[in-house]
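Here the structure comes first, spelled out in structure tokens, and everything after it is commentary.
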Amino acid sequence: MFREELPRNYGIDRNIWTGQIISTVLESRWEVKLKITRIYEILKELNKSNPKAHRDDANTHKEEQKTLISNLKKNSLLKKKKKKIVFFDEFAVDERPSIFYGWAEKNTGSKVLSNQKGKRKKLNGMIAVDTLTGQEYFQLKEKSLIGGCFRLFLTTLSGLCQKWI
Numbered sequence: 000m001f002r003e004e005l006p007r008n009y010g011i012d013r014n015i016w017t018g019q020i021i022s023t024v025l026e027s028r029w030e031v032k033l034k035i036t037r038i039y040e041i042l043k044e045l046n047k048s049n050p051k052a053h054r055d056d057a058n059t060h061k062e063e064q065k066t067l068i069s070n071l072k073k074n075s076l077l078k079k080k081k082k083k084i085v086f087f088d089e090f091a092v093d094e095r096p097s098i099f100y101g102w103a104e105k106n107t108g109s110k111v112l113s114n115q116k117g118k119r120k121k122l123n124g125m126i127a128v129d130t131l132t133g134q135e136y137f138q139l140k141e142k143s144l145i146g147g148c149f150r151l152f153l154t155t156l157s158g159l160c161q162k163w164i
């Protein structure tokens, strides 16, 4: 089921199988109840892995997020002490879309032959958001943001935080 079809085929508005989605389909389609931990154990026993694991944002706790943001905005200690809380994340943007990842036998990733070795355009990025003001800082680099580029990003961000205060 999870190797040949998408959750959409079972009326679920998602493209990636998760333990919760597999559990839901098993219960609704075949009246089989399994705990999510058992589903992942079975997948492991079948030598399956998900090469590109990710969080399914449909399960986020929006009210908790709103409360956290509200509390950060109200935190007068940060304003009085001239301090900032900044969240940041890294990402990559490729000019070509990636191949769809799904559950598969371990170490059996498909190999795609290409004559474009080293010619693909990829940008690495960092984004930072000031938790109090929502002000954003965004940077793209052609090289990896590890090492010198990452230090440059943090140095620049540090300087901007001083200006933002």
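Numbered per numbering that gives the first Met the number 0, the sequence shown spans residues 0 to 164.
Backbone N, C-alpha and C fix where the C-beta goes; we use that ideal spot for every residue, glycine too.
Linking V24 to E62 through their CA atoms gives a straight-line distance of about 27 Å. E89 sits in a strand when the DSSP states are folded into three classes.
Under DSSP, Y136 takes part in a beta bridge, and its partners are A127.
Where E26 is concerned, the enclosing alpha helix (DSSP H) starts and stops at 18 to 29. Note on geometry: alpha-carbon atoms of K83 and L131 lie some 8 Å from one another.
If you look at R37, you'll find it in the alpha helix (DSSP H) that goes 35 to 44. The beta carbon of F90 sits closer than 7 Å to those of G124, all from its chain and outside the five residues before and after it, given in chain order. Taking C-beta atoms as the reference points, K121 and V92 count as a pair closer than 8 Å. Sequence-distant partners of A127 (beyond 5 residues in either direction) whose C-beta falls short of 6 Å from its own C-beta, in its chain, are V85, F87, Y136, L156. Within the same chain, and ignoring the five residues on either side of G18 in sequence, the residues whose Cβ sits closer than 6 Å to its Cβ are I35, I38, Y39. D129 counts as buried, since no fewer than 16 other beta carbons sit within 10 angstroms of its beta carbon.
Here DSSP, grouped into helix, strand and coil, assigns K61 to helix. In the three-state reduction of the DSSP assignment, L5 falls in the coil class, being assigned neither a helical nor a strand state.
It is roughly 38 Å from the alpha-carbon of S69 to the alpha-carbon of Y9. The beta carbon of E44 sits closer than 6 Å to no other beta carbon from its chain once the five residues preceding and following it are set aside.
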